[in-house]
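Residue numbers (our numbering): 499 to 1342. No residue lacks a Cβ here, since even glycine has one placed at the ideal position from N, Cα and C.
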RNA sequence: GGGCGAUUAGCGCAGCGGUAGCGCACUUCCCUGACACGGAAGGGGUCGCAGGUCCGAUUCCUGCAUCGCCCACCA
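If you want it as C-alpha cells, here you go:
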C-alpha cells in the first residue's frame, strides 16, 4: 500500500466481521438486485416460497433459501435479469390462532365490517377475566395484515442479513387484497370451466377444528384401540364381527363379507339384527371385504372409514350418520332405531365424544351379553388432520371441490405428464410426485369451515321457505373482486335481504390455504394485474421448495396452472433436504432442538452460514453443523487475505497486462478447467459440487501457486503479477454466489470504479495453449520438498543445498524451475525426467 | 404391504467399472517477507452383508439387513 492515491482508501478489512451492514446498505442503495424488466428470453424468474410469517424462524429457512439465492446470483452473473420476488404467507390456521391471541378477537361472519373497530388487546398478556371480542372477517384480515407486518420485518431482517438477493420491491401476501382477488378470480374461472363444483358427500372431518380437510392434509399416526367382538342376531344364530369402533354400531347399515368366503355363504340374502339397537341390516357381499381381517365379516357404518364410504356408494346403502360435527354422538335418537330398548341404549350415548361412547357402549354390550369376551387392546394406524389431535371422522356435508384427476383418467395422465416434463432436482423426487398423483382417490376438497381465509365469492338465493338454494350460486363479476360475501351483498340484492326468504345468504366457508398458494406463479408474475410483467416472467423458471409439500404446493400449482394455461408453471423444481439437529433428529419446535438462525449468523457471519448451507446438495438431509460454519468463516477470511496479498504483489488495481510465463499460463489453464466444472455443476443445480471445485482450486492457488510465484512477483515480474490478478478476479467471481459479502468487499479493492461483483460476468474459461499439468506437477514437487523438510523437522524456510526432481512429472514441473528453486530455498535445482514415479530428493 | 433414498476413516460427507478421496477431529512440525481467526506434513477405511455380470466392482445387477422419508393399512 505504498502507492500514492491509496492513502484516501479506507483500510482493507482483515476479517469478515462487519461486512454485512456495509454491503447490505450499498446493495440496497444501488438497487443491485432489482428486476429490470428486460423481458424474455433474458429473464430468469423464481417462484420463491412465501414463508409462513407467524411461524418461527428456524435454521431450516436459512438452509433452503440460501440454495435458491445461489442459483439466483449465479443466473444474474450469467447475464440473466433475475426476477426474484418474496411472498409472505399470512393465510391459514397458524396466523388465525396468532391473531386471535394477539388481539383478543375472533371472527364472527355474521358481523359487518366496522371501519372504526379497535381490538381489545395489542399483544401482551390478557387480563384475568378477559373475553375475546367478535369481529367481522374483513376486520380480522386487517388485523392479520397489521400483525403480519411485524412478523415480516423479522423475516426480512433475516433474509437481508443472510444476503438473499431478493428484489424487495416485489412482495406479496397470501391474505392480501391481490391474492384474494386472484384466488377468487381463478375459482370463478374453474367453476365456469366445470373444474370446481360443490356436492354433498362424505368428507374427511376434523372434530377439533370442526372443518373439512383434504386428502393432502392427512397424516397417519399410531392410535391405540380395542377390538370388540359384537354379536349380531340372525335366523340361524348369532354372527360375530370384530370392530374397533363399536360406538358407531347405531350407524350400521349392513354386514359385509367377501363373496368367496364359505363361512358366510349361508347368510346370502339374509338380514341380521344389530345388538342393543335391534335394527335389521342386510348381509351383503363385496370384494373389498377381506377374509383374513377380524372375523372376515365387517360392519359397514356411515361412516367409520374409507371402505365404508366405498360400500355405501357402490351398494347404494342408506345414510345413517350419528356423529355431529364436534365428533359427539347426536343428541336425539335417530328414527331408524325403533325398539324401546334400542332407544334407551342410545340415550345413554347421546352427546358423548366418540372416545367416551366407545367405553359406554362396551359396558352396555357387556351387560346385554352381546359382546363376546373382553375388548382386546390393539394399536392401529389412524388418519389425523396434520394439525389436529383426534382422528379424522367421516361425515356427510356440502363442500366445494376442484377436480384433480382422481376420477378423471385423462386429467390424471396429464398431471403425470406434467411431472415427467418438469426437471426435478434431485431427479428422484419426481417419484414422489408420481406416487401422489397415482394415489389420488378424491378430488381436492377446497372449502374449509373456518372464518379466516379467502372467502368463496359465492352467495345463494334463499327460497320462499327460507332454505338456501345451492343449485345455482350467485356470483360476482370479475371486476368486483375481491369480495367478502359475508359483508357485501350480491348485485341486484340489498343488504337487508340477507338471510330472508326470497333474499340471499353468503357461502360461509373459506378456501383451503393451498388454494391461494397454488397460484403463486400467477400472483408473483402479475397475471391479470400487469400483463407486461406477466409476459416477461411467466412461465417461471424455478420453483424452490421443501420436499414435504410436493403433494400440496407443488402438485396444486401444477394442476391449477395447467387448468388455466395448459402449461407448466416452471421448468425446474429444486428441493432442499431437511435440517436435522446435530444428533440427526429432525428439528422441531416440540423437541426444543430448534436453532434460532440469528445466532450463528452473528457468531460466524452470513458468508459462513451460507457456506454450511451451500455444502449440502439439494434433497439431502443435513445436520446442523457449526463446525462447517467455522470452516466457512476461515475460508471467507482467507479470501480477504489472499485478495489483499495478491493486490499487493500485483501492484494494486489498474489494467491487467499479458501473461507470458509457462507456469502462469498453466495456472490459468487449471483455473479454466475448474471454471468449466463449476459452471457445469451449477447448471445442474449442484451448488455443492461447484463450491467444492472452486474451493479446491482456491486452496491450491494459495498454498502452491502463490508460494511458487511470490518471489518472482516481488521482483516485479509482470507475467506473474498479471496471472495473480486474473486468477483472483475469477476466484472472487466464482465465490460470489456463495459468499456474497467477502467477495464484494475484495472485489471493490481490485475494482475501485465501484461495480458490484454480483453484476460482473460469470468467468468464461479461456484457453491458454499451456497444459495445466505443469502447474500441477510443480505444486506436487513443492509438496514433496516440504515433506522432506517436515520429516527433518526443519522449518520451511530452511535453506537447502540442492533439490532434485525425477520421474514422470519432472519434465512438466521443469517449467517452474526458477520459481521452485526460490520457493523451497534451494541453492541448486535439478530436473531428471524419467519413467518412474515422480519424486524429489533434497540435500541439506 | 408399495415406492423412494441412505449405508464409504472416530464424526460429517464426496466419488464411482481399473485395487479409495475431502473436511473436521487426531499426531508431529513451523510465529516461512499475505494470513497463528494461519501454515506444512502424517497416521487412520477388507467402501453394510451375501450372491451374480465382467479380465477387473466400493462403483453395474439380484437378494438380504439396518436407518430415514412418502403412500396404503382403521373390520
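Check: For the segment 1281-1294 against the segment 1254-1270, do three or more pairs of beta-carbon atoms, one drawn from each stretch, fall closer than 8 Å, so that the two count as touching?; Outcome: no
Check: Going by Cα to Cα distance, which pick from 1209, 1163, 1107 and 1229 is closest to residue 660?; Outcome: 1107
Check: Are the CB atoms of residue 615 and residue 637 within a distance shorter than 8 Å?; Outcome: yes
Check: Could you tell me whether the Cβ atoms of residue 635 and residue 982 are closer together than 8 Å?; Outcome: yes
Check: Using a Cβ-Cβ cut-off of 7 Å (strictly less than) and excluding sequence neighbours within five positions of residue 850, which residues of its own chain qualify?; Outcome: 826, 827 and 858
Check: Alpha carbon to alpha carbon, what distance is there between residue 1226 and residue 1040?; Outcome: 31 Å
Check: In angstroms with no decimal places, state the Cα-to-Cα distance between residue 793 and residue 758.; Outcome: 14 Å
Check: Write down the C-beta distance between residue 656 and residue 555 rounded to the nearest angstrom, noting that I regard them as a contact closer than 8 Å.; Outcome: 6 Å
Check: Find the nearest neighbour of residue 1057 within the set 901, 761, 654 and 801, judged by alpha-carbon distance.; Outcome: 901
Check: Which of the three DSSP states, helix, strand or coil, is assigned to residue 689?; Outcome: helix
Check: Can you tell me which of 602, 610 and 924 puts its alpha carbon nearest to the alpha carbon of residue 619?; Outcome: 602
Check: Thinking residue 1273 and residue 1212 are a contact (beta carbons under 8 Å), I'd like their distance in whole angstroms, please.; Outcome: 19 Å between Cβ atoms; not a contact.
Check: List the whole-angstrom C-beta distance separating residue 824 from residue 705, where the pair is believed to meet the contact cut-off of C-beta under 8 Å.; Outcome: 6 Å
Check: Cα separation between residue 694 and residue 958?; Outcome: 16 Å
Check: Buried or exposed: which applies to residue 1172, given that a residue is buried once 16 or more other Cβ atoms fall within 10 Å of its Cβ?; Outcome: buried
Check: Let me confirm a value: residue 1191 is counted as buried when at least 16 other C-beta atoms fall within 10 Å, else exposed. Which label applies?; Outcome: buried
Check: Less than 8 Å between the beta carbons of residue 565 and residue 925, yes or no?; Outcome: no
Check: On the three-pair Cβ rule with 8 Å, is the segment 1231-1249 touching the segment 565-579?; Outcome: yes
Check: Does residue 905 pass the burial test, meaning 16 or more other C-beta atoms within 10 Å, or should it be called exposed?; Outcome: exposed
Check: Report the partner residues of residue 1326 according to the DSSP bridge assignment.; Outcome: 1300
Check: Give the straight-line distance between the Cα atoms of residue 1100 and residue 1094, rounded to the nearest whole angstrom.; Outcome: 11 Å
Check: So who's on the other strand from residue 878, going by DSSP bridges?; Outcome: 721
Check: Just the C-alpha distance for residue 1335 and residue 1312, rounded to the nearest angstrom, thanks.; Outcome: 16 Å
Check: Taking the CB atoms as reference points, tell me whether residue 781 and residue 772 lie closer together than 8 Å.; Outcome: no
Check: Between the beta-carbon of residue 1362 and the beta-carbon of residue 1049, is there less than 8 Å?; Outcome: Here the chain comprises residues numbered 499 to 1342, so residue 1362 is not present and cannot be evaluated.
Check: Just the C-alpha distance for residue 1174 and residue 681, rounded to the nearest angstrom, thanks.; Outcome: 44 Å
Check: Between residue 1241 and residue 1230, how many whole angstroms is the CB-CB distance? I'm expecting something under 8 Å.; Outcome: 5 Å
Check: So for residue 1338, helix, strand or coil by DSSP?; Outcome: strand
Check: In angstroms, rounded to a whole number, what distance separates the CA positions of residue 813 and residue 965?; Outcome: 30 Å
Check: Compare the C-alpha of residue 540 against each of 581, 567 and 547 and name the closest.; Outcome: 581
Check: If you draw a straight line from the alpha carbon of residue 512 to that of residue 1144, how long is it in whole angstroms?; Outcome: 14 Å
Check: Taking its Cβ as the centre, do 16 or more other Cβ atoms sit within 10 Å of residue 1342, making it buried, or is it exposed?; Outcome: exposed
Check: On a Cα-Cα basis, can you pick out the residue from 953, 868 and 805 that is closest to residue 891?; Outcome: 805
Check: On the three-state DSSP scale, how would you describe residue 695?; Outcome: strand
Check: Residues in its own chain within less than 6 Å of residue 1282 by CB, not counting five upstream and five downstream?; Outcome: 1338
Check: For residue 584, which beta-bridge partners are listed by DSSP?; Outcome: 669
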